[in-house]
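Structure record follows, encoded as structure tokens.
Residue numbers (our numbering): 3 to 174.
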């Protein structure tokens with residue numbers, strides 16, 4: 003009699019069951035990639051905002067605007083002596099004022115196209131961690147108290163005080 007080699011039906015069923023268990027445990031880790039990417043993008047926006055604020059404060063200090071509760075900082079857009087391409091940003095104690103127009107200029111983000119990448123809300127109707135802050139959220143996400151996916155920014159409150167930043171990513 004010939005000896006047959008191969009797998010029995012029971013062995014195949016056991017392997018399929020093990021693969022099913024692995025798929026059920028591993029799948030949720032990969033399904034959540036979009037919200038993880040959105041949360042990382044918010045962290046990147048926060049870092050960009052902090053970097054822009056550092057540059058604005060440096061320019062404000064040079065221009066003597068760092069001690070004023072309301073001032074303007076001139077940023078040389080091209081690095082030349084031509085003032086026609088300079089950008090003027092409102093500042094509070096040398097840091098970016100918490101206003102949409104100034105944040106759009108400093109961050110160079112798209113907020114006006116038919117499908118904007120970002121939306122800035124000057125007077126949010128949602129509960130923010132930083133009282134009185136404005137929020138910047140992805141254009142496709144509508145902020146709500148149950149779906150928090152935004153960066154909060156609160157301008158400097160006094161001379162020598164730093165602006166405040168907070169990322170809310172529980173609803174991304």
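Just so you know, even glycine gets a beta-carbon here, dropped at the ideal spot from N, CA and C.
Assignment of residue 34 by DSSP, reduced to helix, strand and coil, places it in the coil class. A check of alpha carbon separations from residue 174 across 42, 28 and 14 identifies 42 as the nearest. At the C-beta level, residue 124 and residue 138 stay beyond 7 Å of one another. Here residue 75 is not near residue 64, since their CB atoms are 7 Å or more apart. For residue 156, the pairing in a beta bridge is given by DSSP as 166. When secondary structure is reduced to three states using DSSP, residue 129 falls in the coil class, being assigned neither helix nor strand. Beta-bridge partners assigned by DSSP to residue 145: none are found.
Judged by DSSP in its simplified three-state form, residue 22 adopts helix. When C-alpha distances from residue 149 are compared across 40, 71 and 69, the shortest belongs to 40. Selection 26, 142 and 99 evaluated against residue 67 yields 99 as nearest (Cα-Cα).
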